[in-house]
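K.L.:
Let me give you the structure first, and then I'll get to my questions.
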Amino acid sequence: MTELSNRAGQNQLVRGRTMRSSVKHCRLARGDANAPACVPHDDAWREGWEAEQLRKLSDVKRLFSGDWMHAVIVALATGPKHYTELLDTIRTLSDAGQAQGRRRTLHESVLARTLKTMTADGLIIRRQESTAFPPSVQYSLSPATAEALDAMMPMVAWATKHADLIRRSRERRCTA
């Protein structure tokens with residue numbers, strides 16, 4: 029039972045599975061804006077593509093998964109900072125979060141470990157000025173992390189738009 033429809037916006041029944049068939053989906057799935065408006069889906073190709081997207085999303089999630097990584101990125105978004113400036117900025121951000129029920133304090137050893145991990149992963153850049161005494165160290169976002177931060181801004185807008193959904197989910201998870 030294989031039925032194909034090349035009309036954009038309709039669902040297709042392919043080998044017993046209903047599959048989306050839209051102009052946007054087909055072009056995006058192939059990664060080619062000049063691709064034909066709609067092409068029949070090959071299940072093996074599509075599943076391979078979906079698996080690759082899932083792998084990439086998992087890689088990104090894993091890369092940015094440290095407890096304090098998000099706070100470090102937000103604190104460095106305004107420009108390079110020395111260690112103590114960074115610690116103070118994150119603690120201030122954390123204090124603002126306490127008003128929303130999250131009670132966490134960043135300890136110096138945890139920040140040092142987070143910065144070391146983020147530097148090793150290429151998420152931030154550590155610059156040491158050896159001519160100064162004591163040596164002066166500044167941290168800044170790497171170009172790739174600055175690009176990722178720009179890419180995350182639509183997610184922040186989505187979170188703002190759907191704040192009730194996020195609040196309900198947080199409440200449900202805290203009581204479960």
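Numbering-wise, the sequence shown is residues 29 to 204 according to the numbering used here.
Here a beta-carbon is modelled for each residue, glycine too, at the ideal position from N, C-alpha and C.
Note that this is a predicted model, so its numbers are computed, not measured.
Answer with buried or exposed for Arg195, where buried requires no fewer than 16 other C-beta atoms within 10 angstroms of its C-beta.
P.N.:
Flag for Arg195 reads exposed.
K.L.:
When you compare only the Cα positions, how much space is there between Thr142 and Ser170?
P.N.:
Looking at the two C-alpha atoms, the distance is approximately 15 Å.
K.L.:
Measure the Cβ-Cβ separation of Val3 and Ile152 and say whether it is below 9 Å.
P.N.:
Outside the shown range of the chain, which is 29 to 204, sits residue 3, and nothing can be said about it.
K.L.:
Which class does Ser197 belong to by DSSP, given the choice of helix, strand or coil?
P.N.:
Three-state DSSP puts Ser197 in a helix.
K.L.:
Terminal residues of the continuous alpha helix (DSSP H) containing Leu177?
P.N.:
Its alpha helix (DSSP H) spans residues 171-189.
K.L.:
What residue does the beta strand (DSSP E) around Arg155 start on, and which one ends it?
P.N.:
Note, Arg155: beta strand (DSSP E), 152-157.
K.L.:
What are the residues that DSSP puts in a beta bridge with Lys144?
P.N.:
In the DSSP output, where bridge partners are listed per residue, Lys144 has none listed.
K.L.:
For Thr159 and Gln166, I'd like the C-alpha separation in whole angstroms.
P.N.:
Looking at the two C-alpha atoms, the distance is approximately 14 Å.
K.L.:
Could you pull out every residue in the same chain whose Cβ sits closer than 6 Å to the Cβ of His110, ignoring the five residues on either side in sequence?
P.N.:
Here the set comprises Gln166.
K.L.:
Where does His110 fall in DSSP's three states?
P.N.:
Three-state DSSP puts His110 in a strand.
K.L.:
Assign Ser93 to one of three DSSP states: helix, strand, or coil.
P.N.:
Ser93 falls in the coil class under three-state DSSP.
K.L.:
Output yes or no for whether 9 Å exceeds the beta carbon distance between Asp149 and Leu91.
P.N.:
Yes, the Cβ-Cβ distance between Asp149 and Leu91 is below 9 Å.
K.L.:
Between the Cα of Asp95 and those of Leu139, His190, Ala179, spot the shortest distance and give me the residue it belongs to.
P.N.:
Among Leu139, His190, Ala179, the Cα nearest to that of Asp95 is on Leu139.
K.L.:
Just the C-alpha distance for Leu121 and Val102, rounded to the nearest angstrom, thanks.
P.N.:
In a straight line, the C-alpha of Leu121 is about 9 Å away from that of Val102.
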